[in-house]
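Report on the following structure.
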Amino acid sequence: MMKKLLFIVITLMVWVPVAQAAFNVPMPNIAADAYVLSDFNSGQILAGSNIHERIQEASLTKLMTAYLTFKALAEGRIKLDQMVTESTHAWKTGGSRMFIDPRHPVSINNLILGMITDSGNDAAVTLAETIGGTEGVFTQMMNEEAQQLGMHGTHFMNATGLPNPDHYTTVYDLTLLTRALIQNFPQYYHFFSVKYFTYNGITQPNRVHLLWTDPSVDGLKTGYTSEAGYCLIASADRNGMRLISVVAGTKSESARNTESEKLLNYGFSLFKTRRIYAANQIVTQDSVWKGSKDRVAAGVTQDIFLTLPRGQYKDMKATISVRQPLVAPLSLGEQIGTINLTLNGQPLASYPLVAKQAIPLAGFFGRMWDSMRLMWH
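Numbering follows this note's numbering, with no gaps: position 287 of the sequence shown is 277.
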């Protein structure tokens, strides 16, 4: 049966819907309590069910712990070769472990591997205490970062994902977090593709089994508790198109892998992502009144990507509207108009058109001449 699929087109860096458009495409049949599939570059939601419903995320929580760890690394507050000692609180934390010996310091690099590859709660708490001082303070940092990322359906109570009735999220919010992590910290993304990690004489495999069965998958994280069910966030890149899938509440370990693979295959087979405009591209040049120059180059502030069902790009049209009259002074990056995209006459997306150069005021006589011309324009 054909169903209408809702696309939400969002800008890069910030997940803010700017328009909605419906397409007739077959929806996937995914056996999960909630799921969502999105394109990394365009940010569009390609398929989903219960995407804003509250869920228990279990160890998917560790993506936020990783995000704040990568942020601390990027800002120079910690270093990969920095040695730290596990606290009694971290040592006593239950659940999966990387088996830190509190008698011996461990590097931040190994803690990251222990948290991601082994899903070690001891590693997650040790990182949290290193960055925040206490796990409680770090949890506050997690919630603050979640709000900044637009994860408004999320609340954290710990750095591990151990069950707590006030610890919850949505698959949509997890997609926001995953995209931000890949986008903002590409230099650390390789941690998620490590298949095995040996520490303290114990070798553990990565629980993301798709790393073995699908060569296009390069991360990210699994989660399981009896409350959350079997969960998996995966990302795959095929021929330059990257998709992010989130499944929550599947019935078994094998099911979360099977349903994730079905979701990824669905997206890659039915959709195509293209760059519509480049950040450094001059989209148009428009007349300016009372300026030191009579024309201004205009474009977009960042690469604009669009994901459509395959074969439909020929029906997409772009129209440009510019503020009139366009009067100097104009600042670099100032919005002077809008780029509107439509598909078969239906509004699809809108993006700001900005000045790619500053245009200062003309001299006195130039301004006077243009003032007279504007009276008759």
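Don't be surprised by glycine CBs; every beta carbon is placed ideally from N, CA and C.
Quantities reported herein were computed from a predicted structural model and do not represent experimental measurements.
Buried or exposed for residue i, please, with buried defined as at least 16 other CB atoms from any protein chain shown within 10 angstroms of its CB.
i	result
residue 281	buried
residue 225	buried
residue 246	buried
residue 315	exposed
residue 37	buried
residue -1	At residue -1, the pLDDT of 36 sits below 50, so the modelled position is not reliable; the number obtained from the coordinates is stated separately. So residue -1 counts as buried.
residue 93	exposed
residue 67	exposed
residue 189	buried
residue 54	buried
residue 305	exposed
residue 354	exposed
residue 310	exposed
residue 123	exposed
residue 163	buried
residue 334	exposed
residue 100	buried
residue 34	buried
Under the assumption that residue i contacts residue j (Cβ atoms under 8 Å), give the Cβ distance between them as a whole number of angstroms.
i	j	result
residue 58	residue 141	Rounded, the Cβ-Cβ distance is 13 Å, inconsistent with contact.
residue 232	residue 261	The pair is not a contact, with the Cβ atoms about 12 Å apart (cut-off 8 Å).
residue 115	residue 150	6 Å
residue 50	residue 253	The pair is not a contact, with the Cβ atoms about 16 Å apart (cut-off 8 Å).
residue 139	residue 166	5 Å
residue 249	residue 80	Not quite, the Cβ-Cβ distance comes to about 33 Å (not below 8 Å), so this is no contact.
residue 288	residue 322	Actually they do not touch by this definition, with Cβ atoms about 11 Å apart.
residue 168	residue 210	6 Å
Tell whether a beta-carbon distance below 9 Å holds between residue i and residue j.
i	j	result
residue 109	residue 193	no
residue 158	residue 47	yes
residue 198	residue 24	no
residue 208	residue 182	yes
residue 120	residue 161	no
residue 63	residue 179	no
residue 148	residue 125	yes
residue 204	residue 243	no
residue 313	residue 293	no
residue 56	residue 171	yes
residue 30	residue 234	yes
Sort out for me which residues DSSP pairs residue i with in a bridge.
i	result
residue 308	331
residue 115	Paired residue(s): none; residue 115 is not in a bridge.
residue 279	317
residue 297	263
residue 188	193
9 Å is my cut-off, CB to CB: does residue i come that close to chain D?
i	result
residue 90	Protein chain content of the structure displayed is limited to a single chain, and chain D is not contained in it.
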